[in-house]
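Asker:
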Amino acid sequence: MIDSRTYGFDEADNKQSEHNLGSGQISGSRSMIHDSLGRMVGSEVAGSVATDRTVSYELDGGGNRTNVTGATCAGTYSLDAALNEYTQTPCEDWAHDSAGNLVQTRATANPGADRELEYDHRGRLVGVVLHTGEPEDTAVRFAYDALGRKIRATWSEGGAAFTEHYIYDDWNVIEEYANDDPTPSATYLYGDGLDDRLQMIRGNSWWFYDDESGSTTALAHKPAVGPLWIERYAYQDFGEPSLFWAGAPVPDSYSGNPYLFAGRRWLAELGLYDLRTRHLDPISGRFITRDTLGIWADEENLGNGYTYVTNAPGSATDPTGEAKKPKIKNCHAGARANIEDWLDEAERQGRLSRDWFNGQAGRKRKRRKADWNNYKNDGREWWGKYDNTRFHRIKWNFRKIVRRCSKNVITFKCRSTGIFCGPPKAAAWTLSSWHAWIRVCKNDKGGLFRQDGTPQTKLDTEDFGGIMLHEISHNINAIGDKRLSGAKVADKDSTRELAARKPTRASWSATNYEFFGTSR
Numbered sequence: 001m002i003d004s005r006t007y008g009f010d011e012a013d014n015k016q017s018e019h020n021l022g023s024g025q026i027s028g029s030r031s032m033i034h035d036s037l038g039r040m041v042g043s044e045v046a047g048s049v050a051t052d053r054t055v056s057y058e059l060d061g062g063g064n065r066t067n068v069t070g071a072t073c074a075g076t077y078s079l080d081a082a083l084n085e086y087t088q089t090p091c092e093d094w095a096h097d098s099a100g101n102l103v104q105t106r107a108t109a110n111p112g113a114d115r116e117l118e119y120d121h122r123g124r125l126v127g128v129v130l131h132t133g134e135p136e137d138t139a140v141r142f143a144y145d146a147l148g149r150k151i152r153a154t155w156s157e158g159g160a161a162f163t164e165h166y167i168y169d170d171w172n173v174i175e176e177y178a179n180d181d182p183t184p185s186a187t188y189l190y191g192d193g194l195d196d197r198l199q200m201i202r203g204n205s206w207w208f209y210d211d212e213s214g215s216t217t218a219l220a221h222k223p224a225v226g227p228l229w230i231e232r233y234a235y236q237d238f239g240e241p242s243l244f245w246a247g248a249p250v251p252d253s254y255s256g257n258p259y260l261f262a263g264r265r266w267l268a269e270l271g272l273y274d275l276r277t278r279h280l281d282p283i284s285g286r287f288i289t290r291d292t293l294g295i296w297a298d299e300e301n302l303g304n305g306y307t308y309v310t311n312a313p314g315s316a317t318d319p320t321g322e323a324k325k326p327k328i329k330n331c332h333a334g335a336r337a338n339i340e341d342w343l344d345e346a347e348r349q350g351r352l353s354r355d356w357f358n359g360q361a362g363r364k365r366k367r368r369k370a371d372w373n374n375y376k377n378d379g380r381e382w383w384g385k386y387d388n389t390r391f392h393r394i395k396w397n398f399r400k401i402v403r404r405c406s407k408n409v410i411t412f413k414c415r416s417t418g419i420f421c422g423p424p425k426a427a428a429w430t431l432s433s434w435h436a437w438i439r440v441c442k443n444d445k446g447g448l449f450r451q452d453g454t455p456q457t458k459l460d461t462e463d464f465g466g467i468m469l470h471e472i473s474h475n476i477n478a479i480g481d482k483r484l485s486g487a488k489v490a491d492k493d494s495t496r497e498l499a500a501r502k503p504t505r506a507s508w509s510a511t512n513y514e515f516f517g518t519s520r
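The opening position of the sequence shown corresponds to residue 1 in UniProt numbering, with each subsequent residue numbered one higher.
Here you go:
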């Protein structure tokens, strides 16, 4: 087995532990400690081929580090508290410009390079000069397209220069070209999602193995003769990488793989991760520029525009550098639920059943049939046609929810039934607002309750998928359930309209549809 891991989470969905089970593992087991705000304040790695360590973080009220022990760069941090800008880390002196961009670092401890950083008018990193003490400085220039994607990097040292060009499919790099060579130097194959890397062809064909955070843990190639070639990776809390070949540490990637922590590109010479709109410094555990969406774009960062995923790198990622992407956790199964997988399964089966759609398996057959017919009629009304076998337009609307959720906080929490899980025998509930946790209720048999209160002893993908999307659509629109048109209060089967379906015109505003999180 190349890679296998188990994870443990607390009630707030903070990752508490990670245990590696596969053969040839080098990263050992990790445990993490979080404070009452969900911020990581300590971690321990044991049984690792890399260095075992115990790290602790002291944070102020704004999420800034004041002291760190046990890390690569341990010691005291100094900052301008009014701006949340570090002026000194244990290993470097820092300087920022008036826009809050890190423009200069000076190494004060450990071997390192001084850095001078340059930005354009949009705050994008366009150049870095490294003063390493060598006769010639190393410099890099970046170029971007109209969408803000990095399309070119030119490295120079002395009179020599090397340019790398990047070709995209949406926001995923699918090809790289070196200088003017018309043949790709690297090609990447992806799954459905952002940064969902599957394969890299760079001389040889390599396959990615990731952990649940999307960090590359292994890269494997099967040569024509002989055993597998496996390159392995281990990380410190905020992404400092260690590379291994044949179980031994190596300074550089043998495969040439640049995609490491959280699936993002590692700029080894600069000591930074490219998170598209911004760059992450893994040693200080923060971005080098403020959030482009504003310092309060993610309220959980408490106005600190530099904080990376609320100082909880084990519980979320930030693939765009704009706002953290939560891990949507299916607490019933004890693993991360992937809404994309649910959608693919719906399409694979060529249907989207009533129960799948609304999560109400226990409703009376007559009522379900009426709901389904109403839904089909709505499909014709909104889209001009209705495809009874392939729900492409529905899936497209679902994916809009997924994309919107990636820039907001959607958290599924596992709760027992009772006062902390809404009404008795509820399947799930949430407040109709952004940043509200979605409580997924469990019965005493470990299964979900159906909407009618009938307990399930086995997780029903159809039900749970519908429940998730129903609750997410509440948060998307900040709106609650609506009563069906003409429904009688005493009619238990029709007093509440589903959040994931548009009610009839008689009971709904023409300017605010709740259907799949869209507004019209």
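Quick reminder that beta carbons are idealized off the backbone N, C-alpha and C, glycines included. This structure is a prediction, so every number in the text was calculated from the model and none was measured.
Contact between the stretch 59-71 and the stretch 294-308 is defined here as three or more beta-carbon pairs at a separation below 8 Å; is this criterion met?
Answerer: Verdict: yes, contact present.
Asker: Check each candidate in ASP281, THR277 and SER315 and name the one with the smallest Cα separation from ARG122.
Answerer: Residue mapping note: residue 122 aligns to position 122 of the sequence shown, counting from 1. Answer by Cα proximity: THR277.
Asker: Exposed or buried, which one is GLU92 when buried takes at least 16 other CB atoms within 10 Å?
Answerer: Indexing the sequence shown from 1 puts residue 92 at position 92. Label assigned to GLU92: buried.
Asker: Since SER205 contacts LEU260 with CB under 8 Å, what's their CB separation in whole angstroms?
Answerer: On the sequence shown, position 205 is the one that residue 205 refers to. On the sequence shown, position 260 is the one that residue 260 refers to. Not a contact, Cβ separation roughly 19 Å.
Asker: Tell me where the beta strand (DSSP E) around LEU198 begins and ends.
Answerer: By one-based count along the sequence shown, residue 198 stands at place 198. LEU198 -> beta strand (DSSP E) spans 197-202.
Asker: Would you tell me roughly how many angstroms separate the C-alpha atoms of PRO227 and GLY70, rounded to the nearest one?
Answerer: Residue mapping note: residue 227 aligns to position 227 of the sequence shown, counting from 1. Residue mapping note: residue 70 aligns to position 70 of the sequence shown, counting from 1. Cα-Cα distance, rounded: 37 Å.
Asker: Cutting at 6 Å between CB atoms, please list the residues of its own chain near residue 578, excluding the five before and the five after it.
Answerer: Residue 578 lies beyond the stretch modelled for the chain, which goes from 1 to 520, so this question has no answer here.
Asker: Are TRP245 and PRO258 closer than 7 Å when you measure CB to CB?
Answerer: As a first step, residue 245 must be located in the sequence shown, where it is residue number 245. As a first step, residue 258 must be located in the sequence shown, where it is residue number 258. Cβ atoms of TRP245 and PRO258: not closer than 7 Å.
Asker: Just how far apart, CA to CA, sit GLY138 and ASP10?
Answerer: Start at 1 with the first residue of the sequence shown, and residue 138 comes out as number 138. Start at 1 with the first residue of the sequence shown, and residue 10 comes out as number 10. Before going further, note that residue 138 is Thr rather than Gly in the sequence given. One C-alpha to the other measures close to 45 Å.
Asker: Under the rule that 16 or more other beta-carbon atoms within 10 Å means buried, what is LYS222, buried or exposed?
Answerer: For the purposes of this step, residue 222 is identified with residue 222 of the sequence shown, where counting begins at 1. Exposed.
Asker: Would PRO135 be called buried (16 or more neighbouring beta carbons within 10 Å of its own) or exposed?
Answerer: Sequence index remark: in the sequence shown, residue 135 carries index 135 (1-based). Counting Cβ neighbours within 10 Å, PRO135 comes out exposed, since fewer than 16 surround it.
Asker: Taking all protein chains shown into account, do 16 or more other C-beta atoms lie within 10 angstroms of the C-beta of LEU125, making it buried, or fewer, making it exposed?
Answerer: Stepping through the sequence shown from its first residue, residue 125 is reached at position 125. By the 10 Å Cβ count, LEU125 comes out buried.
Asker: Per DSSP, what are the beta-bridge partners of PRO241 in this structure?
Answerer: Walking along the sequence shown from the start, residue 241 turns up at place 241. Per DSSP, TYR235.
Asker: Is THR163 helix, strand or coil when you go by DSSP?
Answerer: On the sequence shown, residue 163 is found 163 positions in, with the first residue counted as 1. It is a strand residue.
Asker: Measuring CB to CB, does LEU117 end up less than 7 Å from VAL140?
Answerer: Reading the sequence shown from its first residue, position 117 is the one you call residue 117. Reading the sequence shown from its first residue, position 140 is the one you call residue 140. For LEU117 and VAL140, no; Cβs fall outside 7 Å.
Asker: Note down the Cα distance separating MET40 from SER253, rounded to an integer number of angstroms.
Answerer: On the sequence shown, position 40 is the one that residue 40 refers to. On the sequence shown, position 253 is the one that residue 253 refers to. Looking at the two C-alpha atoms, the distance is approximately 29 Å.
Asker: State the DSSP-derived secondary structure class of ALA262, mapped to helix, strand or coil.
Answerer: Within the sequence shown, residue 262 is the residue found at index 262, counting from 1. Note: ALA262 maps to helix in three-state DSSP.
Asker: Provide the residue span of the beta strand (DSSP E) that contains THR154, from first to last.
Answerer: As a first step, residue 154 must be located in the sequence shown, where it is residue number 154. Element bounds for THR154: 150-157.
Asker: Taking the CB atoms as reference points, tell me whether ALA12 and SER29 lie closer together than 7 Å.
Answerer: Reading the sequence shown from its first residue, position 12 is the one you call residue 12. Reading the sequence shown from its first residue, position 29 is the one you call residue 29. In this structure, SER29 does not lie closer than 7 Å to ALA12 by Cβ.
Asker: Assign GLN349 to buried or exposed, taking buried as 16 or more other Cβ atoms, counted over all protein chains shown, within 10 Å of its Cβ.
Answerer: Here the question's residue 349 lines up with position 349 in the sequence shown. No answer about GLN349 holds up, because its pLDDT of 39 lies below 50 and its placement is not dependable.
Asker: Rounded to whole angstroms, what's the CA-CA distance from LEU272 to HIS279? Just pull it up for me.
Answerer: In the sequence shown, the residue the question calls residue 272 occupies position 272. In the sequence shown, the residue the question calls residue 279 occupies position 279. In a straight line, the C-alpha of LEU272 is about 6 Å away from that of HIS279.
Asker: Once you ignore the five residues that flank ARG5 on each side, which residues in its own chain have a CB closer than 7 Å to its CB?
Answerer: Locating residue 5 in the sequence shown gives position 5, where the first residue counts as 1. GLU18, HIS19, ASN20, LEU21 and ASP211.
Asker: Indicate the three-state DSSP secondary structure (helix, strand or coil) for ASN311 in the structure shown.
Answerer: For the purposes of this step, residue 311 is taken as residue 311 along the sequence shown, with counting starting at 1. DSSP places ASN311 in helix when its eight states are reduced to three.
Asker: Provide the residue(s) that pair with GLN88 in DSSP beta bridges, ordered along the chain.
Answerer: Start at 1 with the first residue of the sequence shown, and residue 88 comes out as number 88. DSSP, once it has assigned bridges, lists SER78 and ASP93 as partnering GLN88.
Asker: Taking the alpha-carbon positions, what's the THR87 to ASN67 distance?
Answerer: Counting from one through the sequence shown, the residue named residue 87 turns up at place 87. Counting from one through the sequence shown, the residue named residue 67 turns up at place 67. If you take the alpha carbons of THR87 and ASN67, they lie about 14 Å apart.
Asker: Measure the C-alpha to C-alpha separation of GLU85 and LEU79 and round it to an integer number of angstroms.
Answerer: Residue numbering aside, residue 85 sits at position 85 when the sequence shown is read from its first letter. Residue numbering aside, residue 79 sits at position 79 when the sequence shown is read from its first letter. Distance between the alpha carbons of GLU85 and LEU79: 5 Å.
Asker: Taking DSSP's pairing of strands, which residues face TYR119 in a bridge?
Answerer: Start at 1 with the first residue of the sequence shown, and residue 119 comes out as number 119. Paired residue(s): LEU125.
Asker: Which first and last residues belong to the beta strand (DSSP E) in which MET32 is found?
Answerer: Residue 32 sits at position 32 when you count from the first residue of the sequence shown. First-last of the beta strand (DSSP E) with MET32: 29-34.
Asker: Identify whether ASN172 lies in helix, strand or coil by the three-state DSSP scheme.
Answerer: Residue mapping note: residue 172 aligns to position 172 of the sequence shown, counting from 1. Looking at ASN172 - three-state DSSP - the assignment turns out to be strand.
Asker: Since GLY239 contacts PRO282 with CB under 8 Å, what's their CB separation in whole angstroms?
Answerer: For the purposes of this step, residue 239 is taken as the residue at position 239 of the sequence shown. For the purposes of this step, residue 282 is taken as the residue at position 282 of the sequence shown. The pair is a contact, with the Cβ atoms about 4 Å apart (cut-off 8 Å).
Asker: Near ALA74, which residues of its chain fall below 7 Å by C-beta distance, leaving aside the five closest residues on each side in sequence?
Answerer: On the sequence shown, residue 74 is found 74 positions in, with the first residue counted as 1. Cβ within range, chain order: VAL68 and PRO90.
Asker: In the DSSP assignment, find the unbroken beta strand (DSSP E) run with ASP274 in it and report its ends.
Answerer: As a working mapping, residue 274 is identified with position 274 in the sequence shown. Segment 272-275, the beta strand (DSSP E) holding ASP274.
Asker: What residue from LYS15, SER48, ASN172 and MET1 has the CA that sits closest to SER242's CA?
Answerer: If you number the sequence shown from 1, residue 242 lands on position 242. The candidate whose alpha carbon is nearest that of SER242 is SER48.
Asker: For ASN301, name the three-state secondary structure that DSSP assigns.
Answerer: Along the sequence shown, one-based indexing puts residue 301 at 301. It is helical.
Asker: Have a look at VAL128 and VAL225 and give me their C-alpha separation to the nearest angstrom.
Answerer: Here residue 128 refers to the residue found at position 128 of the sequence shown. Here residue 225 refers to the residue found at position 225 of the sequence shown. So the two alpha carbons sit approximately 43 Å from each other.
Asker: What separation, rounded to the nearest whole angstrom, lies between the Cα atoms of ALA160 and GLU299?
Answerer: Along the sequence shown, one-based indexing puts residue 160 at 160. Along the sequence shown, one-based indexing puts residue 299 at 299. Rounded to whole angstroms, ALA160 to GLU299 spans 46 Å at the Cα level.
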